[in-house]
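In case it helps, numbering that gives the first Met the number 0 puts the sequence shown at residues 0 to 264.
Remarks on the structure that follows.
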Amino acid sequence: MDLIRGIVYNVRGLGMGLRTGRLLFWGLVRFFIIFLIMTVLAGLILAYHQDIMNLLWSKPESRWLIWIWHLLSWFVSIFLIVVSGLLSFLFSQVLFSVLIMDLMSRITERKVTGRVKTPEGTSFWKQFISMITQEIPRTFVTLCLSLLIMILGWMTPLGPVVTVLSSGFAVIFLSWDNTDLTPARNQLPFKRRFRFLIKTVLFHLGFGLPFLIPGLNLIFLAFAPVGGTLYYLDKQAEAPEGEGGAGGLADRNPREEKGEWKSPR
């Protein structure tokens, strides 16, 4: 089942990251960056927790309702911590984490296949700009939209249902942000890569479920590029010869890169 397979690949990537020195180093760098930003955001959110609860539901005087209010209070606290984790991921992603993700993906690809494929005649700056611009439609807009839906959903009686649906929507695109690293690096058309996401939406939902576990979500987010790259490489290997890989996502005109990602001199 694709849902279970997604969870397995996420855990498999985490295991490989913890066993490989360079992946462990860069994964820990991502982890501490996300953790630092999340700590600040979570502190701000929890500092105003009482005000947020008063907006949702003022503390009742009835002894029969007070336990429900406390239960809701704990649920809101956990929910806000998860939201702070997603927001910290977004901020770190836009600033510089996308470069670390690409580097981790390259290390994984070289370790598995012995080489890294990139388009011919593509300069460093073109690849860098491409990586940054990919984050806008692939992660930033979709996650901001899902968070907005969450917030608006709590203003209606269907708040819990909307929260679950929007959380699933968010983790699907967070997962795609990791499985899409290799095809995006090879500058495959966005429509083709998005079509691949639609065909494998259950896998991406399963891959992203660990991102919803408070605390552990930071670790899974930090090493997710490893599992995402492993999945894409396996999909390429599974595809029949002549059909390309990963559901038809063929790497056109690749060249074997002698070294990994390098900064310009």
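Glycine included, every Cβ here is placed at the ideal spot set by N, Cα and C.
DSSP three-state assignment for residue 198, whether helix, strand or coil: Reduced to three states, the DSSP call for residue 198 is helix.
At which residues does the alpha helix (DSSP H) containing residue 16 begin and terminate? For residue 16, the enclosing alpha helix (DSSP H) stretches over residues 1 to 18.
May I have the straight-line CA-CA distance separating residue 213 from residue 80, to the nearest angstrom? For residue 213 and residue 80, the distance between alpha carbons rounds to 7 Å.
Use the C-beta contact count for residue 230: other C-beta atoms within 10 angstroms, 16 or more gives buried, fewer gives exposed. Residue 230 is buried by the Cβ-count criterion.
In angstroms, rounded to a whole number, what distance separates the CA positions of residue 35 and residue 218? One C-alpha to the other measures close to 13 Å.
Run through DSSP, which three-state label would residue 209 get? If DSSP states are grouped into helix, strand and coil, residue 209 belongs with the helices.
Could you tell me which of 210, 125, 19 and 3 sits nearest to residue 108, measuring between CA atoms? Nearest of 210, 125, 19 and 3 to residue 108, Cα basis: 19.
Residue 182 versus residue 189 - alpha carbon distance: Rounded to the nearest angstrom, the gap between the Cα atoms of residue 182 and residue 189 is 9 Å.
Alpha carbon to alpha carbon, how far is residue 215 from residue 209? Rounded to the nearest whole angstrom, the C-alpha separation of residue 215 and residue 209 is 7 Å.
Please state if the CB of residue 222 and the CB of residue 27 are separated by a distance shorter than 7 Å. Residue 222 is positioned such that its CB atom lies no closer than 7 Å to that of residue 27.
Alpha helix (DSSP H) containing residue 101: first to last residue? Its alpha helix (DSSP H) spans residues 97 to 112.
Boundaries (first-last residue) of the alpha helix (DSSP H) holding residue 179: Taken as a continuous stretch (DSSP letters only), residue 179 belongs to no alpha helix (DSSP H), as it is neither H nor E.
How many Å lie between residue 102 and residue 206 at the Cα? For residue 102 and residue 206, the distance between alpha carbons rounds to 20 Å.
Does the beta-carbon of residue 53 have 16 or more other beta-carbons within 10 angstroms, so that it is buried, or is it exposed? If you draw a 10 Å sphere on the C-beta of residue 53, you find fewer than 16 other C-beta atoms in it, and that means exposed.
Is it the case that the Cβ atoms of residue 202 and residue 4 are separated by a distance below 7 Å? Yes; because the gap between Cβ atoms is below 7 Å, this pair is in contact.
Does the Cβ of residue 174 have 16 or more other Cβ atoms within 10 Å, making it buried, or fewer, making it exposed? Label assigned to residue 174: buried.
Report the three-state DSSP secondary structure of residue 61 (helix, strand or coil). It is coil, neither helix nor strand.
Given this structure, state the Cα-to-Cα distance separating residue 73 from residue 67, to the nearest angstrom. Pairing residue 73 with residue 67, the inter-Cα distance amounts to about 10 Å.
Taking the alpha-carbon positions, what's the residue 220 to residue 235 distance? Their backbone Cα atoms lie some 23 Å apart in a straight line.
Need the endpoints of the alpha helix (DSSP H) that residue 230 sits in, please. For residue 230, the enclosing alpha helix (DSSP H) stretches over residues 215 to 237.
Specify the secondary structure class of residue 185 as computed by DSSP and reduced to three states. Of the three classes helix, strand and coil, the one that applies to residue 185 here is coil, per DSSP.
Length of the line joining the Cα atoms of residue 59 and residue 71: Residue 59 and residue 71 have their C-alpha atoms some 12 Å from each other.
Taking 6 Å as the limit between beta carbons, can you name the residues of its chain near residue 15, skipping five residues before and five after? Annotation for residue 15: 225 place their beta carbon closer than 6 Å to its own, counting only its chain and skipping 5 residues before and after.
Rounded to whole angstroms, what's the CA-CA distance from residue 23 to residue 61? Just pull it up for me. Between residue 23 and residue 61, the C-alpha separation is close to 52 Å.
With 16 other Cβ atoms within 10 Å as the buried cut-off, status of residue 263: Reliability of the predicted coordinates at residue 263 is poor, the pLDDT of 37 falling under 50, and the value obtained from them is presented with this limitation in mind. Result: exposed.
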